[in-house]
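Structure (structure tokens):
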């Protein structure tokens, strides 16, 4: 005759195995749920990092587009002025007078025997200069008394007989020629009653001739 407790032992074992099986079957579901939660949280973090816009100082700024300079017009103005300067330096044009010769009265009793007539012009290419006295070109190569410094004419040992007259400056480059207004070079002297009679007579004749020149 068998033992009466064996059926109870068998039922206990079967019941324990059933609870174990249910517990094991429930674990993969919980683990899968945990995985889904982790994936969801990871994707939300990635999405927040990959947003195309960022909030900065109360403004939405795209990382692909840097913020504008606080002075964009100043930068544009500087660039424009530099371009205008380069354009002016490379642009070619004919000569234009900056300074034309003026009338000169040279005192005969002056210790300085040099007369300077001024002339200046701008152009691109830079202009070359020549001078005319009473319509005749001044030749500095044949007459050492004449010297050209840039556009200025310097007359050394100036004399009434050789240098009195009307002067004109000419500026020339490959784009044109310009001729200045006429400038009169006169010679004058001052004398007093104590001066010798010959000098007084010479100055008187000189004044008369200058008056007749303007008639």
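Residue numbers (mature numbering (1 follows the signal peptide of the UniProt record, and there is no 0)): -26 to -1, 1 to 189.
C-beta atoms are modelled at their ideal positions from N, C-alpha and C, and glycine is treated no differently.
Range of the contiguous alpha helix (DSSP H) that encloses residue i
i: residue 136; result: 134 to 137
Same chain, Cβ closer than 7 Å to residue i, neighbours up to 5 away in sequence not counted
i: residue 192; result: The structure shown does not extend to residue 192, since the chain spans only -26 to 189, so no value can be given for it.
i: residue -13; result: none
i: residue 139; result: 107, 108 and 159
Run of the beta strand (DSSP E) containing residue i, from where it starts to where it stops
i: residue 94; result: 94 to 98
i: residue 150; result: 150 to 153
i: residue 104; result: 102 to 107
i: residue 88; result: 88 to 91
i: residue 78; result: 78 to 81
i: residue 70; result: 67 to 73
Strand pairing of residue i, partner residues [DSSP]
i: residue 121; result: 128
i: residue 158; result: 140
i: residue 116; result: Paired residues: none, contrary to the question.
i: residue 64; result: For residue 64, which the question treats as bridged, DSSP gives no partner whatsoever.
Min CB distance residue i to chain C below 7 Å
i: residue 71; result: No chain C appears in the structure shown, which is made up of a single protein chain.
Contacting residues, own chain, Cβ-Cβ under 6 Å from residue i (five flanking each side not counted)
i: residue 30; result: Per-residue confidence for residue 30 stands at a pLDDT of 46, beneath the threshold of 50, marking its modelled position as unreliable; no derived number is given.
i: residue 73; result: 92 and 94
i: residue 106; result: 142
How about the region 78 to 86 and the region 109 to 127: do they share at least three Cβ pairs that are nearer than 8 Å?
Counting Cβ pairs under 8 Å, fewer than three are found: no touch.
contact_flag[the region 64 to 73, the region 97 to 115] where n(CB pairs < 8 Å) is 3 or more
Because the criterion of three Cβ pairs below 8 Å is met, the region 64 to 73 and the region 97 to 115 touch.
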